[in-house]
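Visitor: In the working numbering, the protein residues as written are 47 to 320. Just so it is clear, CB atoms sit at the ideal spot from N, CA and C, and this is done for glycine as well.
#1: Looking at the secondary structure, which residues open and close the beta strand (DSSP E) in which residue 171 lies?
#2: List the whole-angstrom C-beta distance separating residue 86 from residue 126, where the pair is believed to meet the contact cut-off of C-beta under 8 Å.
#3: By DSSP, does residue 259 sit in helix, in strand, or in coil?
#4: Please work out which residues of its chain come closer than 7 Å, Cβ to Cβ, to residue 145, disregarding the five sequence neighbours upstream and downstream, and give them in chain order.
#5: Could you check the C-alpha separation between residue 56 and residue 266 for me, to the nearest Å?
#6: On the criterion of 16 or more Cβ atoms from any shown chain inside 10 Å, does residue 296 qualify as buried, or is it exposed?
#7: I'd like to know whether the C-beta atoms of residue 254 and residue 224 end up nearer to each other than 8 Å.
#8: Taking one C-beta from the segment 189–197 and one from the segment 146–158 each time, how about it: are there three or more such pairs within less than 8 Å?
#9: DSSP on residue 47, reduced to helix/strand/coil?
#10: With H, G and I counted as helix, E and B as strand and the rest as coil, what does DSSP make of residue 191?
#11: Alpha carbon to alpha carbon, how far is residue 250 from residue 63?
#12: With a threshold of 7 Å on Cβ separation, who are the neighbours of residue 279 within its own chain once the five nearest residues in sequence on each side are excluded?
#13: So residue 69 and residue 229 are supposed to be a Cβ contact under 8 Å. How far apart are they, rounded?
#14: Fully enclosed by the segment 182–238, which beta strand (DSSP E) runs are 3 residues long or longer?
#15: What is the DSSP secondary structure of residue 138, counted as helix, strand or coil?
#16: If contacts are defined as beta-carbon pairs under 8 Å, then residue 186 and residue 199 qualify, I think. What distance do you get, rounded to the angstrom?
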């Protein structure tokens, strides 16, 4: 188990609310399985996942884990108001696990915090999705006004040039995650947009993770169609636009090793289900 990339979906379903939602992967995958993404439902089997234990008494999500929350929904979705206090209680019980809460509904965060939030919890990081300048200027101010120990910005899908300088200058943003778009109708990502973001992050010493090029990457006026997800990650590394700089060869090898392990695990699971 890679404890640095676990997922907890206490509920499922969402509603498109901005330009970045146009080609949402959750809607794409739900459609494939005949599921209505607009129907928001509590995840009965997985709601308590962070506090579930194995037969030996150890947590299924071990201490030190990094957990991405609501990857098939939004933690601050209106329909989830009735379940959120329970979710906060689960997060409260696992202080040694980091929970990453990514949202497009930044305006709702302040009124959805637990009563004992204070100046923030050490094990919670907030991240707002800001896919273009309009959403940057709309959402990041809400993020910065909230008392929080850890703040990220996710420029995914990266569908328009953005200027984050005045927000990075506050010193309240720890990291920026950038990546191109996938699935049908993918909009192109331009190298120059990422380079501008890289230079701003370098100026203010903010961590930049350029995770993937997306299906369509444009550099020096040339369009590259990159359908393979692994190759998207590799090309993003080769661009040299991470900050701080990373050992590119080592990171690429890590990507291939991780993908091989995932494939092996999937094959093993399929065999056991036969």
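Guide: For this structure:
#1: On the chain shown, position 125 is the one that residue 171 refers to. Run containing residue 171: 170–175, per the beta strand (DSSP E) assignment.
#2: Looking up residue 86 in the chain shown gives position 40. Looking up residue 126 in the chain shown gives position 80. Indeed, because the Cβ distance is near 7 Å, the residues count as touching under 8 Å.
#3: To locate residue 259, count along the chain shown from 1; it is residue 213. Coil at residue 259, not helix or strand.
#4: Within the chain shown, the letter at position 99 stands for residue 145. Excluding sequence neighbours, residue 145 sits near 113, 115, 137, 169, 170.
#5: Mapped onto the chain shown, residue 56 falls at position 10. Mapped onto the chain shown, residue 266 falls at position 220. Approximately 43 Å, taken between the alpha carbons.
#6: To locate residue 296, count along the chain shown from 1; it is residue 250. With fewer than 16 Cβ atoms within 10 Å of its Cβ, residue 296 is classed as exposed.
#7: Along the chain shown, read from residue 1 onward, the residue named residue 254 stands at position 208. Along the chain shown, read from residue 1 onward, the residue named residue 224 stands at position 178. Yes; because the gap between Cβ atoms is below 8 Å, this pair is in contact.
#8: yes
#9: For this step, residue 47 is matched to residue 1 along the chain shown. Caution applies to residue 47, whose pLDDT of 45 falls short of 50 and renders its modelled position unreliable; the value that the coordinates give is listed next. Residue 47: coil per DSSP, three-state reduction.
#10: Here residue 191 refers to the residue found at position 145 when the chain shown is read from its first residue. Looking at residue 191 - three-state DSSP - the assignment turns out to be helix.
#11: Taking the chain shown and counting its residues from 1, the one referred to as residue 250 is at position 204. Taking the chain shown and counting its residues from 1, the one referred to as residue 63 is at position 17. Roughly 31 Å separates the two Cα atoms.
#12: One-based indexing of the chain shown puts residue 279 at position 233. For residue 279, where only same-chain residues beyond five positions count, the Cβ hits under 7 Å are 257, 258, 301.
#13: Within the chain shown, the letter at position 23 stands for residue 69. Within the chain shown, the letter at position 183 stands for residue 229. Contact flag correct, Cβ pair sits at about 5 Å.
#14: 197–201, 221–225
#15: Here the question's residue 138 lines up with position 92 in the chain shown. Residue 138 carries a helical assignment under DSSP once its states are collapsed to helix, strand and coil.
#16: Here residue 186 refers to the residue found at position 140 of the chain shown. Here residue 199 refers to the residue found at position 153 of the chain shown. With 8 Å as the limit, residue 186 and residue 199 qualify as a contact, their Cβ atoms being about 6 Å apart.
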